[in-house]
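So the protein lines, in turn, are chains A and B.
At position 69 of the first sequence (counting the first as 1) the number is 69 in the numbering used here, and the numbers step up by one without a gap.
At position 23 of the second sequence (counting the first as 1) the number is 1023 in the numbering used here, and the numbers step up by one without a gap.
Glycine is no exception: its CB is placed at the ideal position from the N, C-alpha and C atoms.
From a predicted model like this one, the values you see are computed outputs, not experimental measurements.
Structure, as structure tokens:
2 protein chains.
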Amino acid sequence: MEKTDETGALRRAPSQKRSQERVERMLQAATALIEEGGSDAMRMGEVAERAGVSIGSLYQYFPDKGAIVRTLAERYNAEGRACIAEGLAGVRDMDGLLRAFGGLIDTYYGIFLAEPVMRDIWSGTQADKALRDIDLRDSRANGELLAEAWQRVARNNDGDDIRRKAFLVMSLGEATMRLAISVERAEGDALVADYKAMALREIGNA
Amino acid sequence: MEKTDETGALRRAPSQKRSQERVERMLQAATALIEEGGSDAMRMGEVAERAGVSIGSLYQYFPDKGAIVRTLAERYNAEGRACIAEGLAGVRDMDGLLRAFGGLIDTYYGIFLAEPVMRDIWSGTQADKALRDIDLRDSRANGELLAEAWQRVARNNDGDDIRRKAFLVMSLGEATMRLAISVERAEGDALVADYKAMALREIGNA
DNA sequence: TGCAAATGTGAGGATTGCTCATATTTAGTG
DNA sequence: CACTAAATATGAGCAATCCTCACATTTGCA
């Protein structure tokens, strides 16, 4: 049976307190290394050394290098999802939805700018199909959250249509963030603003 | 002095006819291998073997594995750019632009569906910063082409604004394609249609 | 205390991108 | 044709790195 939370990527769940702390140290070491040089330059031996752990222990919990990155990715995703759920929870009418969505974009962009690890992971610098699947599932989940609020306030209430559009809007939001952090700051800001206007028009239209 | 065409990624330009043909065979072998298992599973030794060439010859022309992928990517990009330039060349009014752009999206989507190598390269499965730069430059160039036509027919003619929006529209177009080929066909088609409607509204708005 | 299960270790196997000293082929010249 | 220099071709092997596995240690528990 698979666990559904972030530990799903683990080879073996640490049951004792000591090993739980060790796994946490491994993830912290990995985070630090990704901050310094990106996940591509992160070496498994270095992760083990920084965590004060043998290479064997590392592989006892993480089946491969990608699993570490995936675990971190799912943590960030879970945080983001919670943030989106909270932002959309109290939405009662279209105007509220538009304001909430606009605020979420700004928040997300701020996080993207501030979190080098998140940037690295989602910048396409990972040759890992499993990571793309995680990305896709995340967009779907976020799309569902948006669709839920959207359907509550839409005039024209075609469910499938709105769910699909919500999925697209969320996916393109991520794409815009990736694009924005690849160019100089001022242009990135303007691109995000353009996307936001476009997305709001799309939402307000239904 | 750098060459500006696709051979810019080469370590040494083949000047004799024999070596030109060999380089072409290397690229063909690489294409076949990517079609079979993706660029990640492509082995340099296998490329050399299939091309009927030694591993040393391969590295005489391509500085590293990524350079082969990059060379192929730039070929596809050049084709796409030519297609876009042609499609937008005769645009005289807003209505013509909207029709031309819509047609280009369909064409591009068709190519994406039909070309496994292009799909593989642009599916984010490449741990290569240089490839992301190529992607970015391609979107910029395509954005310039769109902006040129757009400015000709726009009522509100703010140059920088239109150029940036054209860049965004093109980038999100690529992102939509990537998304569309990651889901089942029917949903992908619908997503592309949604994007198209959104982009056309954005263009018609300026 | 004793034992089984959980956890920890690190030398080394295996893969693979890439180099370099050497050999062969081509183009050009007298 | 003979000769030379530049271009091109070769593949054994180096270096880096992910990951395994046989064995050692620690923990929970009766």
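For residue i and residue j, I'd like the C-alpha separation in whole angstroms.
i, j, result
"B/Ala1141", "B/Asp1158", "19 Å"
"A/Asp128", "A/Met44", "16 Å"
"B/Leu1027", "B/Leu1072", "7 Å"
"A/Gly80", "A/Tyr108", "8 Å"
"B/Ile1084", "A/Leu10", "46 Å"
"A/Glu6", "A/Ser19", "Residue placement at A/Glu6 is poorly supported in this model, since its pLDDT is 45, which falls under 50; the coordinates still yield a value, given next. Straight-line Cα distance between these residues: approximately 16 Å."
"A/Asp194", "A/Leu58", "44 Å"
"B/Ala1048", "B/Asp1040", "16 Å"
"B/Glu1035", "A/Ile121", "26 Å"
"B/Val1053", "B/Val1117", "22 Å"
"A/Phe62", "A/Gly56", "10 Å"
"B/Ile1105", "A/Gly103", "31 Å"
"B/Leu1097", "B/Val1183", "29 Å"
"A/Asn156", "A/Gly204", "11 Å"
"A/Gly110", "A/Glu46", "30 Å"
"B/Glu1115", "B/Leu1033", "13 Å"
"A/Ala199", "B/Ala1180", "18 Å"
"A/Glu74", "B/Ala1078", "37 Å"
"B/Arg1185", "A/Asp161", "16 Å"
"A/Asp95", "A/Trp150", "11 Å"
"B/Leu956", "B/Leu1172", "What is shown of chain B runs 1001 to 1206, which leaves residue 956 of chain B out entirely."
"A/Pro14", "A/Asp93", "46 Å"
For residue i, would you say it is in contact with chain B, using Cβ-to-Cβ distances shorter than 7 Å as the test?
i, result
"A/Ala190", "yes"
"A/Lys196", "no"
"A/Glu2", "Residue confidence is low: A/Glu2 scores 31 on pLDDT, short of 50, so the model does not pin down where it sits. No coordinate-derived value is stated."
"A/Glu74", "no"
"A/Ala130", "no"
"A/Glu115", "no"
"A/Val51", "Per the sequence presented here, residue 51 of chain A reads as Ala, with Val not at that position. Not an interface residue."
"A/Leu104", "no"
"A/Leu97", "no"
"A/Leu88", "no"
"A/Leu58", "no"
Could you spell out the range, first to last residue, of the alpha helix (DSSP H) harbouring residue i?
i, result
"A/Gly37", "17 to 37"
"B/Asp1133", "1129 to 1153"
"B/Asp1095", "1094 to 1114"
By the three-class DSSP mapping on this structure, what secondary structure does residue i have?
i, result
"A/Ile181", "coil"
"A/Pro63", "coil"
"B/Met1042", "coil"
"A/Ser171", "helix"
"A/Ser57", "helix"
"A/Asp158", "coil"
"A/Val91", "coil"
"A/Leu200", "helix"
"A/Leu10", "coil"
"A/Tyr51", "First, the residue type needs correcting, since residue 51 of chain A is Ala and not Tyr in the sequence shown. Note: A/Ala51 maps to helix in three-state DSSP."
"B/Ala1190", "helix"
"A/Asp5", "With a pLDDT of 39 at A/Asp5, under the threshold of 50, the modelled position of this residue cannot be trusted, and the question is left open."
"A/Ala206", "coil"
"A/Tyr195", "helix"
Any C-beta of chain A sitting closer than 7 Å to the C-beta of residue i?
i, result
"B/Leu1168", "yes"
"B/Leu1145", "no"
"B/Leu1027", "no"
"B/Asp1172", "Before going on, a small fix: residue 1172 of chain B reads as Leu here, not Asp. Yes - at least one Cβ of chain A is within 7 Å of the one on B/Leu1172."
"B/Ser1182", "yes"
"B/Lys1065", "no"
"B/Glu1006", "Residue confidence for B/Glu1006 is low, a pLDDT of 45 falling below 50, so the modelled location carries little weight; the figure read from the coordinates is stated next. No, B/Glu1006 lies away from the interface with chain A (no Cβ there is under 7 Å from its Cβ)."
"B/Leu1033", "no"
"B/Arg1164", "yes"
"B/Leu1200", "no"
"B/Ala1186", "no"
"B/Ala1154", "no"
"B/Ala1175", "yes"
"B/Leu1010", "no"
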